[in-house]
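*Asks:*
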Amino acid sequence: NAGVTQTPKFQVLKTGQSMTLQCAQDMNHEYMSWYRQDPGMGLRLIHYSVGAGITDQGEVPNGYNVSRSTTEDFPLRLLSAAPSQTSVYFCASRTGDRARGQYFGPGTRLTVT
Amino acid sequence: AQRVTQPEKLLSVFKGAPVELKCNYSYSGSPELFWYVQYSRQRLQLLLRHISRESIKGFTADLNKGETSFHLKKPFAQEEDSAMYYCALSGRGGSEKLVFGKGTKLTVNP
Chain A
100 NAGVTQTPKF QVLKTGQSMT LQCAQDMNHE YMSWYRQDPG MGLRLIHYSV
150 GAGITDQGEV PNGYNVSRST TEDFPLRLLS AAPSQTSVYF CASRTGDRAR
200 GQYFGPGTRL TVT
Chain B
14 AQRVTQPEKL LSVFKGAPVE LKCNYSYSGS PELFWYVQYS RQRLQLLLRH
64 ISRESIKGFT ADLNKGETSF HLKKPFAQEE DSAMYYCALS GRGGSEKLVF
114 GKGTKLTVNP
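Chains A and B supply the protein sequences, listed in that same order. Residues in the first sequence are numbered consecutively from 100, following my numbering. Residues in the second sequence are numbered consecutively from 14, following my numbering.
(1) So what does glutamine 110 of chain A bridge to, in DSSP terms?
(2) How is the beta strand (DSSP E) around serine 103 of chain B delimited, first residue to last?
(3) For the beta strand (DSSP E) that lysine 110 of chain B lies in, which residues bound it at each end?
(4) At a Cβ cut of 7 Å, what residues of the stretch 95-123 of chain B count as close to chain A, listed as they run along the chain?
(5) What is the C-beta distance between serine 166 of chain A and threonine 154 of chain A, in whole angstroms, given that I count them as a contact (C-beta under 8 Å)?
(6) How should glutamate 93 of chain B be labelled, buried or exposed, when 16 other C-beta atoms within 10 angstroms of its C-beta is the threshold for buried?
(7) For leucine 57 of chain B, would you say it is in contact with chain A, using Cβ-to-Cβ distances shorter than 8 Å as the test?
(8) Hey, could you find the ends of the beta strand (DSSP E) lysine 35 of chain B is sitting in?
(9) At what residue ranges does the stretch 127-184 of chain A contain a whole run of the beta strand (DSSP E), taking only runs of 3 or more?
(10) With three or more beta-carbon pairs closer than 8 Å as the criterion, would you say the stretch 121-132 of chain A touches the stretch 101-110 of chain A?
(11) State whether the stretch 148-162 of chain A contacts the stretch 16-32 of chain B, with contact taken as three or more CB pairs (one from each stretch) at a distance under 8 Å.
(12) Examine chain B for any beta-carbon lying closer than 8 Å to the beta-carbon of glycine 162 of chain A, and answer yes or no.
(13) Assess contact between the stretch 111-122 of chain B and the stretch 137-152 of chain A, defined as three or more Cβ pairs (one per stretch) separated by less than 8 Å. Is contact present?
(14) Check serine 68 of chain B in the structure and name its three-state DSSP category.
(15) Please report how far the alpha carbon of alanine 96 of chain B lies from the alpha carbon of serine 53 of chain B, in whole angstroms.
(16) Are the stretch 77-92 of chain B and the stretch 192-202 of chain A touching by the rule of at least three beta carbon pairs closer than 8 Å?
(17) Between glutamine 51 of chain B and leucine 57 of chain B, which are expected to be in contact by the criterion C-beta below 8 Å, what is the C-beta distance as a whole number of angstroms?
(18) Work out the CA separation of serine 117 of chain A and glutamate 45 of chain B for me, nearest whole Å.
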């Protein structure tokens, strides 16, 4: 199993551009989440999904959209990039047993100029 | 509201010394608590979960509901333990939201 994969690894955007961060998992996990990691802030939840077709907002959802058309994929869309969205983005997935913890992807480092 | 506090941004110890990474939480219900670790150039990975009461890589963590703490301990630190450590909390039976502390960078010196 590849686990949780993310593409791209690095991305530079200009303010106002849009893009999609890709996330896929091959563990048949129902639950998937997107986090952003900023220096000194830890990880903050952006959006999450409890199954195909079901998504919900996390702590910092503004400026981001998600969809979950399949169990495997959970893309994160930046609608109009802003410098405040410069961050490292992590995708995670887990089984139905929350106590087992989450599996994280390698991250995407995004810079918005 | 769920909140996790890791009071130490940086912690430095010598090899063979005991280490304790502090984690305090705020949650009105019964929490599920985790420790995650991120080694240099690696992805974040689960280290411990309180519900299993396990010891991983010599680390243990006990949930103290009275003090609302979930400190991570190891009696003899090793250089390979150097990493970022994050404490995280999830509320039982409700929200999916997993709240992370800001992390503690542990450095184990030779």
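We put the CB at the ideal spot given by N, CA and C, even for glycine. From a predicted model like this one, the values you see are computed outputs, not experimental measurements.
*Replies:* Concretely, from the data shown:
(1) In the first sequence, counting from the first residue as 1, residue 110 of chain A sits at position 11. For glutamine 110 of chain A, which the question treats as bridged, DSSP gives the partners A:Leu209.
(2) Taking the first residue of the second sequence as 1, we reach residue 103 of chain B at position 90. Taken as a continuous stretch (DSSP letters only), the beta strand (DSSP E) holding serine 103 of chain B covers 96-104.
(3) Translated into positions along the second sequence, residue 110 of chain B becomes position 97. It is not in any beta strand (DSSP E) - lysine 110 of chain B carries neither H nor E in the DSSP assignment.
(4) Tyr99, Ser103, Glu109, Lys110, Leu111, Phe113, Gly114, Lys115, Gly116
(5) Here residue 166 of chain A refers to the residue found at position 67 when the first sequence is read from its first residue. Here residue 154 of chain A refers to the residue found at position 55 when the first sequence is read from its first residue. Confirmed, Cβ separation roughly 7 Å.
(6) For the purposes of this step, residue 93 of chain B is identified with residue 80 of the second sequence, where counting begins at 1. Exposed, by the Cβ-count rule.
(7) On the second sequence, residue 57 of chain B is found 44 positions in, with the first residue counted as 1. Yes, because at least one Cβ of chain A sits closer than 8 Å to the Cβ of leucine 57 of chain B.
(8) Start at 1 with the first residue of the second sequence, and residue 35 of chain B comes out as number 22. Neither: lysine 35 of chain B is in no beta strand (DSSP E) and is coded neither H nor E.
(9) 130-137, 141-150, 153-156, 163-165, 175-177
(10) yes
(11) no
(12) Reading the first sequence from its first residue, position 63 is the one you call residue 162 of chain A. Chain B contact via Cβ: absent.
(13) yes
(14) Within the second sequence, residue 68 of chain B is the residue found at index 55, counting from 1. Of the three classes helix, strand and coil, the one that applies to serine 68 of chain B here is coil, per DSSP.
(15) For the purposes of this step, residue 96 of chain B is taken as the residue at position 83 of the second sequence. For the purposes of this step, residue 53 of chain B is taken as the residue at position 40 of the second sequence. Rounded to whole angstroms, alanine 96 of chain B to serine 53 of chain B spans 6 Å at the Cα level.
(16) no
(17) For the purposes of this step, residue 51 of chain B is identified with residue 38 of the second sequence, where counting begins at 1. For the purposes of this step, residue 57 of chain B is identified with residue 44 of the second sequence, where counting begins at 1. Indeed, because the Cβ distance is near 5 Å, the residues count as touching under 8 Å.
(18) In the second sequence, counting from the first residue as 1, residue 45 of chain B sits at position 32. In the first sequence, counting from the first residue as 1, residue 117 of chain A sits at position 18. Cα-Cα distance, rounded: 36 Å.
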